[in-house]
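Engineer: Numbering (the working numbering), first residue to last: 23 to 399. In this text, a Cβ means the ideal position worked out from N, Cα and C, and glycines have one as well. The structure is given below, and queries will be raised subsequently.
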Ligand SMILES: [Zn+2]
């Protein structure tokens, strides 16, 4: 129903609009953030008959929610596609060329994840050109801030709650080679600061050694990590790793300060918030000195029951079995606002965040045929 060349051209246009997440934006990034691409998407969607709302997720970082209502239908389907991309400083060639050659579209965002946006926009154009309307209500959520601090997904969930809208079937767009992904772990990241007292190293008993105290915390975290490894779940075992340590100010000074950071992967059934609380209290119990923790990330796991009707239909249409992903996506935030949710998109995660990013045009065509069956057009 839609020409593949048309999707590729749309994707090329989207890639040519830089939208690098601001904290990864260097000299080659163009204007960072989502503002330019958001205004492009808003214009396109209004022209395609949608009711468009813009939400400023962070200052200067808008998300665009476009809604097509179907007369007489109570069914809501939704697509989450994040507008931001990772940095481009280490990329080969022009990161925003959008070049189309040898069956691929090239450039930052081509696979992660403007591809799904291009397919959706091109298909909505085709629907409009045939003066057809959709048989169900559709919301296309072009979300902000996925790649950095993941505030875009909870912002969209909060917006849906405020509207009183529950989505029946939601697809979160990420490169899965068009396989339906039904689960991934969540993550908790904490930095802990231990305060001791400095003293001359020739007389250590006059000080309080923050590094030695940190060692006790690291030991306790290792015990916890071995305990977690014995737990089994459909998403695998939860994990815990101490990933950074920093302390001391001179080779002849008893260290006054030491910080450690950890990364804890959470599984379905765990709450990221309570995991982070428990880790902080474990650290306090095992540390002989004052310790303070700062949680930077608190993301729940995502797990959709694979017996759900939507997963079954998507498996049929994609001719692929439901899979578990090793990486995190926006899907973690939608448990209360989407009845069924999967992660699905064209291209491979192997090309995401890479020095050369591209997507196969045949993958775009495959997603278009899956969407056509899903939308019923
Ligand atoms: Zn992505």
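Can you list, in chain order, the residues of its chain whose CB lies under 7 Å from that of residue 380, leaving out five sequence neighbours each side?
Structural biologist: Cβ within range, chain order: 126, 127, 128, 132, 133, 373.
Engineer: Mapping DSSP to helix, strand and coil, what is residue 178?
Structural biologist: Residue state, collapsed to three classes: helix.
Engineer: If you follow the beta strand (DSSP E) that residue 317 is in, where does it begin and where does it stop?
Structural biologist: Start and end: 312-321.
Engineer: Return yes when the Cβ of residue 326 is within less than 9 Å of the Cβ of residue 204, no when it is not.
Structural biologist: In contact: residue 204 and residue 326 (Cβ atoms closer than 9 Å).
Engineer: Roughly how many angstroms lie between the CA atoms of residue 209 and residue 237, to the nearest whole one?
Structural biologist: When rounded, the distance between both Cα atoms is 23 Å.
Engineer: If you run the structure through DSSP and keep just helix, strand and coil, what is residue 214?
Structural biologist: If DSSP states are grouped into helix, strand and coil, residue 214 belongs with the strands.
Engineer: Buried or exposed for residue 40, please, with buried defined as at least 16 other CB atoms from any protein chain shown within 10 angstroms of its CB.
Structural biologist: By the neighbour-count rule (16 or more Cβ atoms within 10 Å), residue 40 is buried.
Engineer: List the whole-angstrom C-beta distance separating residue 262 from residue 246, where the pair is believed to meet the contact cut-off of C-beta under 8 Å.
Structural biologist: Contact holds; Cβ gap of about 6 Å.
Engineer: What residues does ligand 1 have around it, judged by CB closer than 6 Å to any heavy atom, in chain order?
Structural biologist: In chain order, the hits are 104, 134, 135, 168, 196.
Engineer: Which residues in the same chain as residue 368 place their Cβ atom closer than 8 Å to its Cβ, once the five residues preceding and following it in sequence are excluded?
Structural biologist: Same-chain partners within the cutoff: 133, 137, 138, 141, 197, 199, 200, 381, 382, 385, 386, 388, 389.
Engineer: Which of the three DSSP states, helix, strand or coil, is assigned to residue 230?
Structural biologist: Residue 230: strand per DSSP, three-state reduction.
Engineer: Measure from the alpha carbon of residue 285 to the alpha carbon of each residue in 364, 317, 251, 375, then state which is nearest.
Structural biologist: With distances taken between Cα atoms, residue 285 lies closest to 317.
Engineer: If contacts are defined as beta-carbon pairs under 8 Å, then residue 353 and residue 103 qualify, I think. What distance do you get, rounded to the angstrom?
Structural biologist: Going by Cβ atoms, the distance from residue 353 to residue 103 rounds to 12 Å, so no, they are not a contact pair.
Engineer: Rounded to whole angstroms, what's the CA-CA distance from residue 229 to residue 309? Just pull it up for me.
Structural biologist: For residue 229 and residue 309, the distance between alpha carbons rounds to 16 Å.
Engineer: Would residue 222 be called buried (16 or more neighbouring beta carbons within 10 Å of its own) or exposed?
Structural biologist: Exposed is the call here.
Engineer: Let's test the definition: count the other Cβ atoms within 10 Å of the Cβ of residue 225 and tell me whether it reaches 16, buried, or not, exposed.
Structural biologist: That one is exposed.
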